[in-house]
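Chemist:
Protein chains in written order, with the working numbering: chain A, 1 to 285; chain B, 286 to 543.
(1) Is it buried or exposed for residue 107 (chain A), if we count other Cβ within 10 angstroms and need 16 for buried?
(2) Which class does residue 191 (chain A) belong to by DSSP, given the choice of helix, strand or coil?
(3) Residue 424 (chain B) by DSSP, collapsed to three states: which one?
(4) Verify the CB distance criterion: does residue 329 (chain B) have a CB-CB separation below 9 Å to chain A?
(5) Cutting at 8 Å between CB atoms, please list the residues of its own chain near residue 214 (chain A), excluding the five before and the five after it.
(6) Thinking residue 431 (chain B) and residue 448 (chain B) are a contact (beta carbons under 8 Å), I'd like their distance in whole angstroms, please.
(7) If we count the other Cβ atoms within 10 Å of its Cβ and call it buried at 16 or more, is residue 382 (chain B) buried or exposed?
(8) Between residue 214 (chain A) and chain B, is the shortest Cβ-Cβ distance under 9 Å, so that the two count as touching?
(9) Residues of the region 191–209 of chain A in Cβ contact with chain B at a cutoff of 8 Å, in chain order, please.
(10) Using a 10 Å radius around the Cβ and a threshold of 16 neighbouring Cβ atoms, would you call residue 377 (chain B) buried or exposed?
(11) Report the residues of the region 163–192 of chain A with a CB closer than 7 Å to any CB of chain B, ordered along the chain.
(12) Considering only the alpha carbon of each residue, which of A:28, A:18, A:100 and A:19 lies closest to residue 5 (chain A)?
(13) Are there three or more Cβ pairs, one per stretch, closer than 8 Å when the region 112–124 of chain A is compared with the region 143–163 of chain A?
(14) Any beta carbon of chain B sitting closer than 9 Å to that of residue 224 (chain A)?
(15) Under the three-state reduction of DSSP, which class applies to residue 403 (chain B): helix, strand or coil?
(16) Would residue 248 (chain A) pass as a contact of residue 204 (chain A) if the rule is Cβ separation under 9 Å?
(17) Are the C-beta atoms of residue 522 (chain B) and some chain A residue less than 9 Å apart?
(18) My output table needs one value for residue 450 (chain B): the three-state DSSP class, helix, strand or coil.
(19) If we ignore side chains and look at the alpha-carbon of each, how far apart do residue 306 (chain B) and residue 331 (chain B) end up?
(20) If you draw a straight line from the C-alpha of residue 236 (chain A) to the C-alpha of residue 367 (chain B), how long is it?
(21) Find out if the Cβ-Cβ distance for the pair residue 522 (chain B), residue 137 (chain A) is shorter than 9 Å.
(22) Does chain B have any CB closer than 9 Å to the CB of residue 109 (chain A)?
(23) Would you kindly work out how many angstroms separate the C-alpha atoms of residue 124 (chain A) and residue 358 (chain B), rounded to a whole number?
(24) Please return the same chain residues whose Cβ sits closer than 7 Å to the Cβ of residue 303 (chain B), not counting the five positions on each side in sequence.
(25) For residue 460 (chain B) versus residue 439 (chain B), is the C-beta distance shorter than 9 Å?
(26) I'd like the span of the alpha helix (DSSP H) that includes residue 30 (chain A), first residue to last.
(27) What span of residues does the alpha helix (DSSP H) with residue 40 (chain A) cover, start to end?
(28) Can you give me the Cβ contacts of residue 457 (chain B) inside the same chain, cut-off strictly under 8 Å, excluding the 5 residues immediately before and after it?
(29) Strictly below 7 Å CB to CB, what residues from chain B border residue 211 (chain A)?
(30) Let me see if you follow: with CB-CB separation under 9 Å, is residue 349 (chain B) close to chain A or not?
(31) CB-CB under 6 Å to residue 102 (chain A), same chain, minus the five flanking residues each way: which ones, in chain order?
(32) Establish whether the CB of residue 383 (chain B) and some CB of chain A are separated by less than 9 Å.
(33) Relative to the C-alpha of residue 464 (chain B), which residue among B:352, B:515, B:365 and B:312 is closest?
(34) Alpha carbon to alpha carbon, what distance is there between residue 49 (chain A) and residue 197 (chain A)?
(35) Report the rounded CA-to-CA distance for residue 494 (chain B) versus residue 334 (chain B), giving the unit in angstroms.
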């Protein structure tokens, strides 16, 4: 591959955050030997950094060693290079040392988000979910609009079966982007899992919203069907509510059957799907 | 008289081109000097915390109607509650308003900005007026009114000369602003050689970083959040969803649910 092509591809991956590490190492390694002499200017250091992280992903410690040598010679005492050191320590499993490095950086630059997230990642790697949750909470107390972090916290709470708190995190995500159908769907799923009439009603609403935002969202359609069926079959709801819910359930079932029919004969025959839907029952709500 | 002036062609070589060169080179030098003098801006954690809180509150105001009422009220309480609300509690940590005259770091930033941008302009402007005055340098290709004459024809005292004929000083200014795109080509975007960008930054600078007084911002946000009410957007979303499709006539209520 020509060098200019390689450079273009690497730049594209850098700018759009694509993480195809094996490809990066494959393209970048032949450039390593003469990178500085090519006259590409300051882009060279970015390429070194990119190659470094990709090599960590692929466990290519030889490439890692070369890159870090060049970078630390050029930028001695740089915080950015120190972060790379920390990641190397994480990659080799030396979590204590990595933690120390990140704590040091945080003392010097308390507003650094990258290190805090790495600390959470270290806790997760050691399967200390409780610690990870605690750190993430501390982080979010200060950086309240970091949606990536809310997403992660929601996933962690789900792991710990704390559905109420997971729902709270999903609400934050919905606030940040209220027209994203997947957020509504996930939120609805959490609410549905929590159970209870009120939660199922909220779940039904959000499933419906997800379908409204994206008519092809099968999961949300199934969710809508289940939530409405559950509510319609429950003894604790009013008659009107029963009627409404069965209306929604029927509509959802019909939609699901249609979607399967559209996909064609390779998918499950439509009749078995409708039969299955009809026999679905929620025993208690 | 205005259209047919024939200028000495040595003006082209000895005036027009040198001015272009000089402006361009000075711009490049300014860029590198600015990079040398550029001090790392230390991010203040408190500022970041405050601005993030404001962003979150704004999101709540704008998109809260997509959440269940309980969730919205919970968050509103977190921000606005009389005793424990975020916007109320933070009041105690009042930072004194950063007056640009007294705050040292801002002073130095302003001085540096002024130095790198204004000083070269003054120097070169002066040199041009000393070296290249008293004659017409070039003609702008569009007609101008007489009002522009004193501005563009410094040093030329011909009352009947068309305003399109300009002196070298105005050619210099034309260059300063015109070479902006050339700088972008040569130095890459976000270069420091751009005086108009610096002017723009001075005007919008206050809006980008935290406003100098976080308390005022908090108060404003508190008020806006107070008056926001929760009109549940998902109230009848299922019905909306059903009526979107053309299958209304196919509704049938299953017997076993009644």
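Beta carbons: idealized from backbone N, C-alpha and C, even for Gly.
Modeler: Per the coordinate set shown:
(1) With fewer than 16 other CB atoms across the displayed protein chains lying within 10 angstroms of its CB, residue 107 (chain A) is exposed.
(2) Looking at residue 191 (chain A) - three-state DSSP - the assignment turns out to be helix.
(3) Assignment of residue 424 (chain B) by DSSP, reduced to helix, strand and coil, places it in the strand class.
(4) Interface residue, yes.
(5) 181 and 220, listed in sequence order.
(6) About 6 Å; that satisfies the 8 Å criterion.
(7) Confidence at residue 382 (chain B) is low in this model, with a pLDDT of 46, below 50, so the placement of that residue should be treated as unreliable; the coordinate-derived value is given next. With fewer than 16 neighbouring CB atoms inside 10 Å of its own CB, residue 382 (chain B) falls in the exposed class.
(8) Taking 9 Å as the threshold, the shortest C-beta distance from residue 214 (chain A) to chain B does not fall below it.
(9) Answer in chain order: 202, 204, 205, 206, 208 and 209.
(10) Low per-residue confidence applies at residue 377 (chain B): pLDDT is 48, beneath 50, and the placement is therefore not dependable, though the value from the model is reported in the following sentence. Exposed is the call here.
(11) For the region 163–192 of chain A, the beta-carbon criterion of a distance under 7 Å to any beta-carbon of chain B is satisfied by 171, 174, 175, 176 and 178.
(12) Distances from the alpha-carbon of residue 5 (chain A) to those of A:28, A:18, A:100 and A:19 put A:28 closest.
(13) Enough Cβ pairs lie closer than 8 Å, so yes.
(14) Closer than 9 Å to some Cβ of chain B, the Cβ of residue 224 (chain A) qualifies, so yes.
(15) DSSP, read as helix, strand or coil, puts residue 403 (chain B) in helix.
(16) Inclusion of residue 248 (chain A) and residue 204 (chain A) in the CB contact set at 9 Å is warranted, their separation being smaller than that value.
(17) Yes, residue 522 (chain B) counts as interfacial toward chain A.
(18) Strand, per DSSP.
(19) Those two C-alpha atoms are separated by around 47 Å.
(20) Spanning the two alpha carbons is a distance of roughly 38 Å.
(21) Contact flag unset, no.
(22) Cβ-Cβ to chain B under 9 Å: yes for residue 109 (chain A).
(23) Residue 124 (chain A) and residue 358 (chain B) have their C-alpha atoms spaced approximately 33 Å apart.
(24) Result list for residue 303 (chain B): empty, nothing under 7 Å.
(25) With contacts defined by Cβ atoms closer than 9 Å, residue 460 (chain B) and residue 439 (chain B) do not form a contacting pair.
(26) Unbroken alpha helix (DSSP H) run through residue 30 (chain A): 21–32.
(27) Note, residue 40 (chain A): premise wrong, no alpha helix (DSSP H); not H, not E.
(28) In its chain, beyond the 5 residues on either side, 304, 308, 409, 410 and 413 have a beta carbon closer than 8 Å to the beta carbon of residue 457 (chain B).
(29) Correct list: 526.
(30) It does; some Cβ of chain A falls within 9 Å.
(31) Once the five neighbours on either side are set aside, the close Cβ partners of residue 102 (chain A) are 86, 115, 118 and 119.
(32) In this predicted model, residue 383 (chain B) has a pLDDT of only 48, less than 50, meaning its place in the structure is not dependable enough to derive any value.
(33) That would be B:312, whose Cα lies nearest to the Cα of residue 464 (chain B).
(34) Cα to Cα, the separation comes out at about 53 Å.
(35) Because residue 494 (chain B) carries a pLDDT of 46, less than 50, the predicted location of this residue cannot be relied on, and no value is offered for it.
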